[in-house]
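Read through the structure below, which is laid out as structure tokens, and then see the notes.
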Amino acid sequence: EVEEGCHILDAELRKNDSFVLEPLPGAMYFVSGSSENVPIDFWCLMHLQNSTGNISAQIYHPDGQHAAMIAMSRVHDALCNCIHRTNQRLLLKRYGFLVS
Numbered sequence: 008e009v010e011e012g013c014h015i016l017d018a019e020l021r022k023n024d025s026f027v028l029e030p031l032p033g034a035m036y037f038v039s040g041s042s043e044n045v046p047i048d049f050w051c052l053m054h055l056q057n058s059t060g061n062i063s064a065q066i067y068h069p070d071g072q073h074a075a076m077i078a079m080s081r082v083h084d085a086l087c088n089c090i091h092r093t094n095q096r097l098l099l100k101r102y103g104f105l106v107s
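The following block contains the structure:
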């Protein structure tokens, strides 16, 4: 079920409504912009560990740690939304309300 959840999470990450994520090899993603076509002033690299379902992120902001923490909070909120939608889809599928 972890593998299936990772596939669904991958789809949710790619279609999230907060950031543009560029998929990279090895279940990696690069945050390349915002969904509102507004340039972002930080970079963020995320890794989805398919074997465990863990997500790790590295972020850099040229204005320092405080600005990076604010940006990471925005990325975290977007990730939480994707994880919530993934969980809802898995529950709907488990109880027969959603067909693959």
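The sequence shown begins at 8 in this note's numbering and counts up by one.
C-beta atoms are modelled at their ideal positions from N, C-alpha and C, and glycine is treated no differently.
Note that the structure is a prediction, hence the values are computed from the model and not measured.
Considering G40, what are the terminal residues of the beta strand (DSSP E) in which it resides? Taking the sequence shown and counting its residues from 1, the one referred to as residue 40 is at position 33. Unbroken beta strand (DSSP E) run through G40: 35-41.
Once you ignore the five residues that flank A74 on each side, which residues in its own chain have a CB closer than 6 Å to its CB? Translated into the one-based positions of the sequence shown, residue 74 becomes position 67. H68.
Only counting the same chain, and skipping five residues up and downstream in sequence, which positions put a Cβ closer than 7 Å to that of E10? The residue given as residue 10 occupies position 3 in the sequence shown. If we look at E10 and ignore the five residues flanking it on each side, its Cβ neighbours are N57.
Pull the bridge partners of S80 from the DSSP assignment, please. Here residue 80 refers to the residue found at position 73 of the sequence shown. According to DSSP, S80 bridges with nothing at all.
In three-state terms, what does DSSP make of N23? If you number the sequence shown from 1, residue 23 lands on position 16. If DSSP states are grouped into helix, strand and coil, N23 belongs with coil.
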